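J.: The structure under discussion is supplied below as structure tokens; questions concerning it will follow.
There are 4 protein chains.
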Amino acid sequence: MEQGTADLGVGMVGYAFMGRAHSHAWRTAPRFFDLPLAPRMRVVAGRDAAATAAAAQNLGWEGSTTRWQDLLTRDDIALVDVCTPGDTHAEIAIAALEAGKHVLCEKPMANSLAEAEAMAAAADAAAARGVLAMVGFSYRRLPAVQLARRLVEAGRIGQVRHVRAQYLQDWLADPASPRTWRLERDKAGSGALGDIAAHAVDLAQFVTGERLTGVNGMLSTFVHERPLPSGEGTGPVTVDDAASFLARLSGGGMGVFEATRYATGRRNALRLEVSGTAGALAFDLMDLNVLHFYDAADPEQTAGFRRIEVTSPSHPYAGSWWPAGHGLGYEHAFSHQVVDLVTDIAAARQPTPSFADGLAVQRVLDAVERSAAAEGAWTDLPA
Amino acid sequence: MEQGTADLGVGMVGYAFMGRAHSHAWRTAPRFFDLPLAPRMRVVAGRDAAATAAAAQNLGWEGSTTRWQDLLTRDDIALVDVCTPGDTHAEIAIAALEAGKHVLCEKPMANSLAEAEAMAAAADAAAARGVLAMVGFSYRRLPAVQLARRLVEAGRIGQVRHVRAQYLQDWLADPASPRTWRLERDKAGSGALGDIAAHAVDLAQFVTGERLTGVNGMLSTFVHERPLPSGEGTGPVTVDDAASFLARLSGGGMGVFEATRYATGRRNALRLEVSGTAGALAFDLMDLNVLHFYDAADPEQTAGFRRIEVTSPSHPYAGSWWPAGHGLGYEHAFSHQVVDLVTDIAAARQPTPSFADGLAVQRVLDAVERSAAAEGAWTDLPA
Amino acid sequence: MEQGTADLGVGMVGYAFMGRAHSHAWRTAPRFFDLPLAPRMRVVAGRDAAATAAAAQNLGWEGSTTRWQDLLTRDDIALVDVCTPGDTHAEIAIAALEAGKHVLCEKPMANSLAEAEAMAAAADAAAARGVLAMVGFSYRRLPAVQLARRLVEAGRIGQVRHVRAQYLQDWLADPASPRTWRLERDKAGSGALGDIAAHAVDLAQFVTGERLTGVNGMLSTFVHERPLPSGEGTGPVTVDDAASFLARLSGGGMGVFEATRYATGRRNALRLEVSGTAGALAFDLMDLNVLHFYDAADPEQTAGFRRIEVTSPSHPYAGSWWPAGHGLGYEHAFSHQVVDLVTDIAAARQPTPSFADGLAVQRVLDAVERSAAAEGAWTDLPA
Amino acid sequence: MEQGTADLGVGMVGYAFMGRAHSHAWRTAPRFFDLPLAPRMRVVAGRDAAATAAAAQNLGWEGSTTRWQDLLTRDDIALVDVCTPGDTHAEIAIAALEAGKHVLCEKPMANSLAEAEAMAAAADAAAARGVLAMVGFSYRRLPAVQLARRLVEAGRIGQVRHVRAQYLQDWLADPASPRTWRLERDKAGSGALGDIAAHAVDLAQFVTGERLTGVNGMLSTFVHERPLPSGEGTGPVTVDDAASFLARLSGGGMGVFEATRYATGRRNALRLEVSGTAGALAFDLMDLNVLHFYDAADPEQTAGFRRIEVTSPSHPYAGSWWPAGHGLGYEHAFSHQVVDLVTDIAAARQPTPSFADGLAVQRVLDAVERSAAAEGAWTDLPA
């Protein structure tokens with residue numbers, strides 16, 4: 086970051102898991118990348134004054150507030166970073182965009198399709214005024230995922246025949262795990278579907294450059310009552326524990342998706358496999374510095390999936406960190422997200438994934454829910 | 086094999102890929118296992134006299150014939166091994182059973198549900214007379230698969246939440262691959278569905294000890310016209326290239342299945358993952374001596390999938406081959422099939438998978454086809 | 086970090102690869118861990134005024150200087166962090182300790198055994214005055230390596246029979262790679278030996294809790310002349326390209342070590358395997374969130390190496406970062422190093438690895454060099 | 086095998102582990118490969134008449150004898166297959182060669198260098214009379230190993246910098262394992278060194294096409310007294326439990342070798358890694374259908390070790406077995422050994438590995454023993 090670089094004032098709403106990850110990224114990205122604007126971590130907003138103030142200090146924000154609305158009227162804030170649970174995304178993001186603030190909004194973009202549509206409309210309107218919005222599908226920013234996308238774009242996979250995407254976690258496999266807000270429909274919108282299937286869908290659509298055109302969906306809730314976090318009594322689980330769905334891709338291929346919090350022994354395995362006429366790809370978040378690539382043009386005798394360690398200087402983002410072979414971690418994706426967002430804002434260019442991309446994912450989630458409610462009946466998605 | 090062991094005369098119909106694998110098993114099993122009956126490789130039947138005679142000599146059969154019906158009237162033949170394409174299974178197997186011959190029939194058991202039902206009925210009738218039938222889902226006989234089944238039976242997996250089964254091949258990924266009989270509906274019955282999804286379904290049902298209760302299915306044919314094997318002209322592909330389906334399991338779990346001949350770079354990857362409340366399993370045919378097992382009872386600090394090399398003396402079948410660590414290959418499953426079948430025949434005990442098990446698989450395939458024809462509508466399976 | 090926590094002023098010497106990694110750690114550790122002292126990044130020292138000032142701003146230091154001696158006289162600096170090439174470690178570290186500053190010194194601790202001995206003596210003298218020294222074998226601070234150590238300490242590996250350690254890089258495999266300072270003996274001390282074999286030795290001694298008692302060593306320089314970084318002409322390579330050695334361990338086991346910059350396709354593979362009477366361990370830096378553990382107490386049927394993803398709350402350091410399954414990267418080890426060093430300083434407790442530990446590694450490197458010069462003759466190490 | 090093919094009468098001496106493996110190969114090779122001569126399994130020789138007769142029947146030999154000398158005078162025996170422990174190899178093999186019989190001799194070729202030299206001399210003399218000898222380093226015949234050799238020959242690895250070979254077993258890790266003949270020096274010659282390091286050395290020399298020019302060696306015996314197999318009392322262990330050595334290769338590269346029976350959790354891991362200026366290879370017997378190949382000519386972005394499943398029609402031997410993706414097992418290497426030996430005999434061509442190759446391995450083992458006895462002093466090998 087050059088001296089004399091203009092500031093980009095940032096305000097963040099929410100400071101839990103995602104707030105910590107975003108704060109780390111705002112602090113770190115400028116240290117490793119030459120950014121065209123200098124992020125200034127102005128203020129974090131939360132509900133509890135003392136806790137928010139403590140979070141501000143701990144996470145590196147200049148100040149704190151209990152009113153997120155304060156962020157919208159401050160001249161020294163150009164961007165609002167929304168890290169709250171999904172039930173408040175629409176309200177905050179739309180208000181921020183209307184106030185002329187760029188917005189980075191965590192995924193899932195919204196808890197309902199209607200909210201997502203309103204957000205995408207607000208983003209369109211804002212874009213006309215030069216105000217930009219991005220949704221936080223951070224896994225797009227892993228070097229291996231970017232390399233996957235580049236290989237597809239370069240034609241190395243050819244026509245896509247199959248996409249296989251799974252997001253496997255196991256933190257609910259134990260029936261004694263508590264009934265947190267993530268298991269309440271009115272707060273979380275949905276369960277595995279919105280929380281992690283959303284990532285799988287975005288990843289598949291991003292890497293292939295295609296859209297799902299329809300689905301057959303299935304949802305399950307295996308454990309209907311769980312102990313409350315307070316330790317007293319139990320509460321109902323009102324979201325899905327697991328989701329699976331078949332899909333057609335816009336290019337004619339088939340998709341198979343699965344997301345669950347009951348995959349015993351799989352802590353956080355977001356896996357993607359893509360098979361095409363010219364090659365194939367495989368990725369697993371549990372080995373996030375690696376992309377497996379099969380080139381069908383290789384002679385049969387020496388053909389095989391290549392285990393590419395995506396850590397060399399020519400790999401996406403990697404050259405700004407360490408020498409080849411020094412792996413990155415989960416949170417680096419958030420730093421890359423900051424890099425790309427700040428770069429796009431400086432260039433007055435639409436960042437991706439846009440709210441329209443987020444809406445596309447939301448439409449898939451909605452279609453899966455409707456299909457599941459109709460015993461898996463085929464449910465079209467808009468082109 | 087003890088001296089003085091009674092003979093078990095065997096006749097085989099068909100001598101192509103499966104005939105070679107079965108012949109190897111009949112020759113080899115008695116050399117490594119103590120069998121209660123001594124298999125005698127009496128005769129192989131085929132359509133072309135010269136080719137069948139050559140096959141007999143090459144594969145180790147005492148004689149050959151162009152009439153499979155000859156096998157049914159010979160006193161020195163107690164078992165008929167059916168290795169022909171699926172369109173002739175029903176006729177041969179039923180006739181053999183009615184003639185009082187035990188039957189080993191390759192999978193898929195039949196090309197249609199009606200045929201499979203007739204075969205199961207014939208097997209039931211024969212069983213009442215002490216004549217036994219088995220269907221050749223050979224992968225059940227891999228040591229790793231047997232160990233998987235034992236772990237489920239012993240409660241080490243607990244209640245099954247998820248089954249994920251894929252059979253991935255890539256020999257049709259090249260659009261220039263020829264239009265063989267396997268791509269003709271009247272000969273092969275179906276494509277990836279009957280050929281390889283059948284294995285995935287049987288494997289899942291066998292390992293879990295559960296049945297699928299219904300499906301949402303999807304089939305695709307990506308390449309509709311291919312060059313004829315003769316080299317002259319092209320012919321239509323009338324079977325599915327790929328199949329995927331969602332399922333419910335009888336125990337309440339979810340299943341996701343996929344079978345394709347277009348998984349570029351995956352030569353023959355039959356993969357199974359089972360997640361339960363007490364543990365999890367993972368298997369891949371491309372690493373067939375290994376079973377991955379996660380025990381949820383392990384303390385968190387040292388919990389992880391165990392890479393079990395299923396080659397130790399205490400592992401299924403393994404002790405009869407080589408010392409620990411000396412891996413087996415694909416064809417060993419067929420030798421184990423012979424061992425188990427001969428043992429059951431000697432004990433006058435129903436071998437598994439029975440024709441009823443084969444029918445259960447066939448019902449799933451049929452339900453997938455019907456569901457796929459109805460855009461994936463939910464299709465129940467009989468309990 | 087609580088408000089009111091006392092400050093720990095830090096000055097750093099050098100700002101290249103290691104300086105960047107250390108700076109990141111000083112910035113980041115307090116954000117994720119509750120530290121008993123608050124690190125203050127006071128000043129960075131370097132040779133070029135402008136470049137050092139730019140580095141200070143970029144890496145987050147309050148100021149800069151061209152005289153590292155300035156750090157020794159400042160009251161607001163309690164700790165000197167030495168990130169220079171090895172030829173200056175002894176001078177700076179000893180001076181700092183004598184000036185009453187705690188020292189964190191990058192590895193290899195020194196370029197010669199004499200220097201290392203002087204440093205260890207200085208550290209001993211300083212310790213008597215409450216001034217503490219630590220050498221930066223950062224890989225000890227990876228969660229998987231800490232877990233490995235804990236398992237050995239807990240007796241889960243039993244008596245150690247074998248240690249197999251390799252540090253494989255490939256950045257010199259191309260003969261056209263330039264002749265940097267790392268290939269000059271007077272600056273770097275040695276080549277692969279001091280740079281990466283040092284890590285392998287420390288890792289082996291740390292995890293096993295044993296010392297090497299003697300070695301048979303071999304060194305090679307494959308390419309003796311390389312293009313100068315300036316692009317004009319070539320310069321001689323005066324260090325080893327690769328080192329290998331056999332060793333005895335103090336507990337009676339055998340060690341095999343290898344370090345090279347010519348392992349084509351291996352970017353940065355630091356691998357350790359330990360075999361004992363009760364179990365075994367395997368680690369590879371290219372998959373740094375994973376430890377493989379074999380428990381010989383498991384029944385044969387279910388025994389196998391467990392792939393432990395060392396990312397769960399109960400794993401070393403992991404709970405302070407993200408939920409289970411969210412992997413860490415290379416630089417996290419440096420943050421953990423800061424955590425442990427600051428914690429020990431606050432507790433007036435000797436941090437590890439101490440300069441005595443660093444000296445122990447240096448003695449091994451020296452013995453390997455002497456052995457290699459004597460055609461691999463056995464060379465004892467002091468007990 | 087064509088009708089009318091001339092016979093090749095075979096007599097085998099010994100019928101334990103190796104005898105079973107060889108018998109399977111003699112029975113099986115002609116079923117899958119077109120051999121120019123038809124092996125006839127005439128007779129097996131052993132010490133105990135009843136046990137040998139039973140073995141003959143079980144393993145498929147026409148007859149049995151208690152005098153191996155009988156094989157040398159029978160006109161219907163053209164080849165003697167020596168599967169006894171190493172202490173009788175020299176006597177039998179030399180006598181057979183002098184009697185004009187081709188010889189296949191198990192490894193290690195002999196228990197001493199003097200014996201091996203006598204055998205190699207006998208083989209040379211026999212070759213002048215058209216009588217051929219081969220030593221049974223069967224792992225050369227795995228498809229993945231053959232492919233490795235071909236890649237080196239084709240220049241795809243370039244100049245070899247490093248060879249890393251390990252043969253890791255764990256059957257002695259338990260101190261209660263019995264003191265079998267393999268642990269007695271007068272019967273077995275040596276322990277891990279002759280039994281398994283021999284394989285590692287042959288593999289390394291075969292794949293690279295180079296010879297070791299000298300070694301620094303180390304041997305260990307960890308457990309000096311073990312229970313006798315009889316169950317009564319204990320007996321001394323008089324061979325090495327583990328061996329490790331450094332080596333120079335004739336092309337200037339470095340070698341690191343290790344063999345042990347104490348690698349807890351590693352049942353039978355024969356691993357080879359070769360690094361060269363143009364590429365690299367990695368192989369592990371525990372995943373024997375796979376070769377990992379890194380091509381340094383690949384662009385950095387898509388470079389990575391390729392996991393080649395060596396099961397396609399164009400791969401060595403593979404096309405004679407099953408379709409692509411159907412893996413082979415341990416014993417297939419013995420069938421391939423038969424194929425190559427019979428083919429060479431029919432062509433009156435020296436088979437490999439020759440007794441000279443076996444002697445080269447024996448010289449390495451001898452040098453390691455002498456070096457180990459001299460505390461690892463450098464020990465040259467003849468060019």
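Chains as they are written, first to last, in my numbering: chain A, 86 to 468; chain B, 86 to 468; chain C, 86 to 468; chain D, 86 to 468.
By construction, the Cβ of each residue, glycine as well, lies at the ideal position given by its N, Cα and C atoms.
Note that the structure is predicted; figures quoted are calculated from it, not measured.
#1: Closest to D/G243 by CA distance: which of D/S197, D/P398, D/G336, D/T306 is it?
#2: Measuring CA to CA, which of B/W406, B/D429, B/E358 is closest to B/A63?
#3: When the cut-off is 8 Å and only beta carbons count, does C/V341 lie next to chain D?
#4: Are C/T396 and C/L334 touching if we call contact CB-CB under 8 Å?
#5: For B/A76, which of B/K192, B/I177, B/Y224, B/R226 has the nearest alpha-carbon?
#6: Give every residue of the same chain whose Cβ lies closer than 6 Å to the Cβ of B/G94, excluding the five residues on either side of it in the sequence, and list them in chain order.
#7: Just verifying my parser: in three-state terms, what is the DSSP assignment at A/S360?
#8: If I measure Cβ to Cβ from A/A250 and keep anything under 6 Å in the same chain, skipping five residues before and after, which residues do I get?
#9: List the endpoints of the continuous alpha helix (DSSP H) containing C/P115.
#10: Over the uninterrupted alpha helix (DSSP H) stretch that includes C/V245, give me the two end residues.
#11: Establish whether the CB of A/D161 and some CB of chain C are separated by less than 8 Å.
#12: Using DSSP bridges, identify the partner residues of B/L93.
#13: Counting only beta-carbon atoms, is D/H417 nearer than 8 Å to chain A?
#14: Alpha carbon to alpha carbon, how far is C/G96 from C/Q247? Give it in angstroms, no decimals.
#15: Looking only at its chain, what residues have a beta carbon closer than 6 Å to the beta carbon of B/A452, apart from the 5 residues adjacent to it on each side?
#16: What's the C-alpha gap between A/L122 and A/L182?
#17: So, with DSSP's three-state summary, where would you put D/H377?
#18: Could you give the DSSP three-state label for A/L366: helix, strand or coil?
#19: Look up B/G279 in the DSSP assignment and say whether it is helix, strand or coil.
#20: Identify which residue in D/R159, D/G99, D/G318 has its Cα closest to the Cα of D/P170.
#21: Can you find at least 3 beta carbon pairs, one from the segment 368 to 383 of chain B and one from the segment 218 to 231 of chain B, that sit closer than 8 Å?
#22: Quick check on D/G145: does DSSP put it in helix, strand or coil?
#23: Counting C-beta neighbours from all protein chains within 10 Å, is the total for C/S360 16 or more, i.e. buried, or is it exposed?
#24: So who's on the other strand from D/N301, going by DSSP bridges?
#25: Roughly how many angstroms lie between the CA atoms of D/Y379 and D/H400, to the nearest whole one?
#26: Quick one: grab the DSSP three-state call for D/E87.
#27: Given a cut-off of 8 Å on the beta-carbon distance, is the pair B/F102 and A/G350 in contact?
#28: With a cut-off of 8 Å, does the C-beta of D/L357 fall near any C-beta of chain A?
#29: Which residues, in order along the segment 360 to 390 of chain D, keep a beta-carbon less than 9 Å from a beta-carbon of chain A?
#30: For chain C, is any of its Cβ atoms less than 8 Å away from the one on B/I242?
#31: Does any residue of chain D have a CB that is nearer than 8 Å to the CB of A/R226?
#32: Where does A/L355 sit, in a helix, a strand or coil, going by DSSP?
#33: Using only CA atoms, which one of B/D326, B/A332, B/G338 lies nearest to B/A344?
#34: Give me the chain G residues within the contact set of C/R127, using Cβ-Cβ distance strictly less than 7 Å, ordered along the chain.
T.: Taking the coordinates as given:
#1: Within the fourth sequence, numbered from 1, the residue matching residue 243 of chain D stands at position 158. It is D/G336.
#2: Coverage of chain B is limited to positions 86 through 468, which leaves residue 63 of chain B absent and any answer about it impossible.
#3: Position 256 of the third sequence, counting from 1, holds the residue named residue 341 of chain C. Yes - at least one Cβ of chain D is within 8 Å of the one on C/V341.
#4: Residue mapping note: residue 396 of chain C aligns to position 311 of the third sequence, counting from 1. Residue mapping note: residue 334 of chain C aligns to position 249 of the third sequence, counting from 1. In this structure, C/L334 does not lie closer than 8 Å to C/T396 by Cβ.
#5: Outside the displayed range of chain B (86 to 468) lies residue 76 of chain B, so it cannot be described from this structure.
#6: Within the second sequence, numbered from 1, the residue matching residue 94 of chain B stands at position 9. R125, R127, D161, I162, A163.
#7: Against the first sequence, residue 360 of chain A aligns to sequence position 275. If DSSP states are grouped into helix, strand and coil, A/S360 belongs with the strands.
#8: By 1-based counting over the first sequence, the position of residue 250 of chain A is 165. Within the same chain, A285, A289, F342, L357 come within 6 Å of A/A250 by CB-CB distance, once the 5 residues on both sides are set aside.
#9: Taking the third sequence and counting its residues from 1, the one referred to as residue 115 of chain C is at position 30. From DSSP, the alpha helix (DSSP H) with C/P115 extends over 102 to 117.
#10: Taking the third sequence and counting its residues from 1, one reaches residue 245 of chain C at position 160. Premise fails: C/V245 lies in the beta strand (DSSP E), 245 to 253, not in any alpha helix (DSSP H).
#11: Looking up residue 161 of chain A in the first sequence gives position 76. No, A/D161 does not count as interfacial toward chain C.
#12: Here residue 93 of chain B refers to the residue found at position 8 of the second sequence. DSSP output for B/L93 lists B/P124 as bridge partner(s).
#13: Along the fourth sequence, read from residue 1 onward, the residue named residue 417 of chain D stands at position 332. Answer no: the Cβ-Cβ gap between D/H417 and chain A never drops below 8 Å.
#14: Counted from its first residue, the third sequence places residue 247 of chain C at position 162. Counted from its first residue, the third sequence places residue 96 of chain C at position 11. Looking at the sequence provided, one finds His at residue 247 of chain C rather than Gln. Approximately 41 Å, taken between the alpha carbons.
#15: Position 367 of the second sequence, counting from 1, holds the residue named residue 452 of chain B. The answer, listed in chain order, is V300, T464, L466.
#16: Position 37 of the first sequence, counting from 1, holds the residue named residue 122 of chain A. Position 97 of the first sequence, counting from 1, holds the residue named residue 182 of chain A. C-alpha separation (whole angstroms): 20 Å.
#17: To locate residue 377 of chain D, count along the fourth sequence from 1; it is residue 292. D/H377 falls in the strand class under three-state DSSP.
#18: Within the first sequence, residue 366 of chain A is the residue found at index 281, counting from 1. Here A/L366 sits in strand by DSSP.
#19: For the purposes of this step, residue 279 of chain B is identified with residue 194 of the second sequence, where counting begins at 1. Helix.
#20: By one-based count along the fourth sequence, residue 170 of chain D stands at place 85. Ranking D/R159, D/G99, D/G318 by Cα distance to D/P170 puts D/G99 first.
#21: In this structure the segment 368 to 383 of chain B lies against the segment 218 to 231 of chain B, because at least three pairs of beta carbons, one per stretch, are closer than 8 Å.
#22: In the fourth sequence, the residue the question calls residue 145 of chain D occupies position 60. If DSSP states are grouped into helix, strand and coil, D/G145 belongs with coil.
#23: Taking the third sequence and counting its residues from 1, the one referred to as residue 360 of chain C is at position 275. Its Cβ being crowded by 16 or more others within 10 Å, C/S360 is buried.
#24: Residue 301 of chain D sits at position 216 when you count from the first residue of the fourth sequence. D/L331, per the DSSP bridge assignment.
#25: If you number the fourth sequence from 1, residue 379 of chain D lands on position 294. If you number the fourth sequence from 1, residue 400 of chain D lands on position 315. Approximately 17 Å between the Cα atoms of the pair.
#26: Locating residue 87 of chain D in the fourth sequence gives position 2, where the first residue counts as 1. With a pLDDT of only 48 at D/E87, under the threshold of 50, the placement of this residue in the model should not be trusted; the figure read from the coordinates follows. Here D/E87 sits in coil by DSSP.
#27: Numbered from its first residue, the second sequence carries residue 102 of chain B at position 17. Numbered from its first residue, the first sequence carries residue 350 of chain A at position 265. Cβ distance not < 8 Å, so B/F102 and A/G350 don't count as in contact.
#28: Looking up residue 357 of chain D in the fourth sequence gives position 272. So no, D/L357 is outside the interface.
#29: Close to chain A, meaning a Cβ-Cβ distance shorter than 9 Å, are the following residues of the segment 360 to 390 of chain D: V375, L376, H377, F378, Y379, D380, D383, P384, E385, Q386, T387, A388, G389, F390.
#30: Taking the first residue of the second sequence as position 1, residue 242 of chain B is located at position 157. No, no contact with chain C.
#31: Stepping through the first sequence from its first residue, residue 226 of chain A is reached at position 141. It does not: the Cβ of A/R226 has no partner Cβ on chain D nearer than 8 Å.
#32: Along the first sequence, one-based indexing puts residue 355 of chain A at 270. A/L355: strand per DSSP, three-state reduction.
#33: As a first step, residue 344 of chain B is located in the second sequence; it is residue number 259 there, counting from the start. The candidate whose alpha carbon is nearest that of B/A344 is B/D326.
#34: Within the model displayed, chain G is absent; protein chains A, B, C and D are what it includes.
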